[in-house]
Amino acid sequence: MEKLSHGPTGKDFNWLNKLIFAHRLEVHCRIHNLTPQEQFAKSKSCCEEASLIKNLATDGGRILHNSSAITNIDFDQCYDRGWAPISGLAARAHGVSRQSTSLMLQTMQCMDYFIKTGFGISDEPAFGGSDHLGGKMMGLGQGSGAAPGGMRNIITLVDNAYKRMGHGMAATSSISGRIFLLAAIIYVDDIDLLHWAKFYGIEDEEFVQQVQDATTDWGMLVHATGGAVKPSKSFWYLMSWKFQNGRAKLKTKQELNQFSIAIPQSDGTTAVIPLEGNEVTKKTLGVWSNPLNKPTVPLVKLKEKGLDWVDKLRV
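The opening residue of the sequence shown carries number -18 in the numbering used here; numbering runs sequentially from there.
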């Protein structure tokens, strides 16, 4: 699909989006500390740092033998589901001027889409925001210079509302007694919700309900912005402890299979997401890892990828 960007006007529009929603907005958010600590899709940060913080959070749970969980939630269609009213509200809340916000959103809503193939670009638009094509479009647009910053603004509103509802983990340092609050690890549309038990020795049933309440609230907040969560790419880990002869051991997946959580869907239903064993390695935040945080896991995956690449070269 070509979004009218093959002409000078389209290129100028996208350049302006990058200037306002990427460069200037990034500097403004950094100066005024508007980006939450949960968000790692920002300048001077990377997905490896996000994965490290998640590993430290799970390490803390294992050291304290406190029940904890991670819910990995995948955004469905990401940029294409950014609802214009919420996108505008989020942009204004982050300091973008009314004129710049209106220019970006109104252009994206009214833009026509052309098919681009090896034979060239179609003469007539396939769909779009013109009146004869069905009305205004929704979304920030794939390839738009405003899309990454605009989506980060939306997720910031969701994250702040989620924390105000009391969700997330709280860790206290052993020496200074400083309290660290962290609700999630976020990198663009890849989100790991962090859950710590409200008190030590909590029953599994009560803790799973705590995880379910938090997951439901996050999903409903996402729906309020026009977004949706994709159950086929979502899953969760549960770390619960048992004591045998005075020694703490993690419960196996077989011992926890009776528990399940579901995420809300746009049609009002819910979808159950799978519980993964703590030894199962998944690629989240761009890094292969699992809650046991064995350092060899990423190396094994990289080795498999390298061997596969070499085998293809031989062919």
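Don't be surprised by glycine CBs; every beta carbon is placed ideally from N, CA and C.
Quick one: using the 10 Å Cβ neighbour count with 16 as the cut-off for buried, is E187 buried or exposed? The residue is exposed, with fewer than 16 neighbouring Cβ atoms inside 10 Å.
Going residue by residue through the segment 257 to 286, where are the continuous alpha helix (DSSP H) segments of at least 4 residues, counting only ones entirely within it? Counting only runs that start and end inside the segment 257 to 286, there is no alpha helix (DSSP H) element of at least 4 residues.
Check whether the Cβ atoms of D292 and D170 sit closer than 8 angstroms, and answer yes or no. Contact: no.
Please determine, among K35, S155, I51 and H46, the residue with the shortest C-alpha to C-alpha distance to L256. I51
Using 8 angstroms as the threshold, is the C-beta distance between I166 and I34 below it? yes
Over the uninterrupted alpha helix (DSSP H) stretch that includes L45, give me the two end residues. C28 to L45
Below 7 angstroms CB to CB, which residues in the same chain sit around T251 once its five sequence neighbours on both sides are set aside? A243, I244 and P245
Could you spell out where the beta strand (DSSP E) holding K230 opens and where it closes? R228 to L231
Nearest to V189 by CA position, among F2, A128, I102 and Y218, is which residue? Y218
Suppose only complete runs of 4+ residues qualify. What are the alpha helix (DSSP H) ranges in the segment 149 to 182, listed by chain order? none
Alpha carbon to alpha carbon, what distance is there between P106 and L86? 19 angstroms
What three-state label does DSSP hand N53 in the structure shown? strand
Based on Cα-Cα distance, which residue from N(-2), P279, S241 and L288 lies nearest to G124? N(-2)
Is Q193 buried or exposed, if buried means 16 or more other CB atoms sit within 10 Å of its CB? Classified as buried, Q193 has 16 or more neighbouring CB atoms from the shown chains inside 10 Å of its CB.
Quick one: what does DSSP say P255 is sitting in, helix, strand or coil? DSSP places P255 in coil when its eight states are reduced to three.
Just checking, does the segment 135 to 144 make contact with the segment 65 to 82 on the three C-beta pairs under 8 angstroms criterion? yes
Outcome for G208 when other beta-carbon atoms lying within 10 angstroms are tallied against a minimum of 16: buried
Expressed to the nearest angstrom, what Euclidean distance is found between the alpha-carbon atoms of H4 and N53? Those two C-alpha atoms are separated by around 29 angstroms.
Report, in whole angstroms, the separation of the C-beta atoms of L121 and G63, which I expect to be a contact under 8 angstroms. 4 angstroms
What are the start and end residues of each continuous alpha helix (DSSP H) run of 4 or more residues lying completely inside the segment 62 to 106, in chain order? Residue ranges of uninterrupted alpha helix (DSSP H) with 4 or more members, entirely inside the segment 62 to 106 and ordered along the chain, are 65 to 74 and 79 to 91.
Can you give me the Cβ contacts of P279 inside the same chain, cut-off strictly under 8 angstroms, excluding the 5 residues immediately before and after it? V268, W269 and S270
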